[in-house]
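Residue numbers (our numbering): 52 to 346.
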Amino acid sequence: MDFLPITFLAALSTGIATSCLLLAIFQLMELISIEKDALKEEEAKRLPLLLKIFMPFTGNVLFLVRNPVFDGMRTQTQDLILMAGYDQSVSADQFLAIRILSCIMGIFFMILGFITGHPMGAMLMGLMFFIYPNVWLKGTVKRRHLEILKALPNVLDLLTLSVEAGKDFLTALRDILSRRKMDALGEELGRTFQEIQLGKPRQKALKELAQRVQQSDLTSVLNAIIQADELGVSIGQLLRIQGDQLRNKRFSRAEKLANEAPVKILFPVIIFIFPAVIVILMAPIIMQAMKTLVK
Numbered sequence: 052m053d054f055l056p057i058t059f060l061a062a063l064s065t066g067i068a069t070s071c072l073l074l075a076i077f078q079l080m081e082l083i084s085i086e087k088d089a090l091k092e093e094e095a096k097r098l099p100l101l102l103k104i105f106m107p108f109t110g111n112v113l114f115l116v117r118n119p120v121f122d123g124m125r126t127q128t129q130d131l132i133l134m135a136g137y138d139q140s141v142s143a144d145q146f147l148a149i150r151i152l153s154c155i156m157g158i159f160f161m162i163l164g165f166i167t168g169h170p171m172g173a174m175l176m177g178l179m180f181f182i183y184p185n186v187w188l189k190g191t192v193k194r195r196h197l198e199i200l201k202a203l204p205n206v207l208d209l210l211t212l213s214v215e216a217g218k219d220f221l222t223a224l225r226d227i228l229s230r231r232k233m234d235a236l237g238e239e240l241g242r243t244f245q246e247i248q249l250g251k252p253r254q255k256a257l258k259e260l261a262q263r264v265q266q267s268d269l270t271s272v273l274n275a276i277i278q279a280d281e282l283g284v285s286i287g288q289l290l291r292i293q294g295d296q297l298r299n300k301r302f303s304r305a306e307k308l309a310n311e312a313p314v315k316i317l318f319p320v321i322i323f324i325f326p327a328v329i330v331i332l333m334a335p336i337i338m339q340a341m342k343t344l345v346k
């Protein structure tokens, strides 16, 4: 009889603990869902106006882009969307549907322009609708890669200092993310950090980050970190070496751009500046010669 109260209390405690655990899990899942919804809304706000206009009508042409003929284009588009950071707000099928709708709109404006007697404006407007979605997506990827390239050396330096001070990699990454403005690199690292916190193995999360971003410098750094984990090498020393290599590459890239600048400037100088200089120099001579001939 004495064991009954103890058994009852143990069962009650187990039930309360299980309920609290389930409640915490549900709250965490709800928080993650809210964060994902907020991320989708934030990304949707960054979409250009043309894509926002076409987005509600993509369902009408999705049956076209789901044809196996578009499989290769769909894979390429999905990679570009991942690199651009819009995978939470637009799918590859939706973007291909937007491209089809944009082409239809371009054809409409071309026909309208020819009917109204403005063929040149019609051609320009049609060309803009044809190429704009793809040009925007590739331009976004290029700008995002450049932003990551600029931010990566500084982030590596901060990670190196934190790891060498005794912090583990995840703690150092969390501290940097909490103090850093949310740029492209911060968004990707924050997403990876959340995945690791939710139980995904660190090596797998880093590999997915490299596959998602596909930026060569970031990929080399992540591969080095993964290899260091596998071999048990000190991450602090590795990060310092990677940071030095990135700085050297950045200086080399800057020198290359500086050496290319005179060649790039040459064509505008010849086309726009030389004619004006020749006119300024030759005009007085020509006028003097004309006066002499008149006399």
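A virtual CB, placed ideally from N, CA and C, is assigned to each residue, including glycine.
Since this is a predicted model, take the numbers as computed values, not measurements.
* Nearest candidate by alpha-carbon position, reference D45, set T222, Q262, A216, G157 -> Nothing in the structure corresponds to residue 45, since the chain is present only between 52 and 346.
* **Length of the line joining the Cα atoms of R125 and R117** => 9 Å
* Of all the options A275, R225, L152, L133, which has the alpha carbon lying nearest to the alpha carbon of L102? -> L152
* DSSP on P184, reduced to helix/strand/coil? -> helix
* Asked: In three-state DSSP terms, what is L249?
  -> coil
* Asked: Can you tell me whether D88 is buried or exposed, with buried defined as 16 or more other CB within 10 angstroms of its CB?
  -> Interpretation of D88 is limited by its pLDDT of 46, a score under 50 that renders its predicted location unreliable; the figure taken from the coordinates is listed afterwards. Its Cβ having fewer than 16 others within 10 Å, D88 is exposed.
* Taking 8 Å as the threshold, find out whether the segment 172-192 comes into contact with the segment 271-278 through three or more Cβ pairs. => no
* For my contact list, M106 and V192 are in at a C-beta cut-off of 8 Å; report their separation, rounded to the angstrom. => Between V192 and M106 the Cβ distance is about 20 Å, and since that is not below 8 Å, they are no contact.
* To do: Go to L163, then tell me how far its alpha helix (DSSP H) extends in each direction, as first and last residue.
  => 143-166
* In three-state DSSP terms, what is G241? -> helix
* **Straight-line Cα distance separating I316 from V330** => 21 Å
* **Beta carbon of D208 nearer than 8 Å to that of G294** => yes
* Asked: Taking all protein chains shown into account, do 16 or more other C-beta atoms lie within 10 angstroms of the C-beta of F180, making it buried, or fewer, making it exposed?
  -> buried
* Euclidean distance between Cα positions of A334 and K342 -> 12 Å
* Asked: With 16 other CB atoms within 10 Å as the buried threshold, where does V112 fall?
  -> buried
* To do: Can you grab the Cα-Cα spacing for the pair Q145 / V264, in whole Å?
  => 20 Å
* Asked: Looking only at C-alpha atoms, which of M156, I132, Y183, M161 sits nearest to R195?
  -> I132
* **Sufficient close CB pairs (3 or more, under 8 Å) joining the segment 304-320 to the segment 279-291** => no
* Proximity below 8 Å, CB of L236 to CB of A202 -> yes
* Counting along the chain, where does the alpha helix (DSSP H) carrying N310 start and finish? -> 286-319
* Go ahead and pull the three-state DSSP assignment for G177. => helix
* Considering only residues of the same chain and omitting the five flanking positions on each side of L260, which have a CB-CB separation below 7 Å? -> E239, T243, L273
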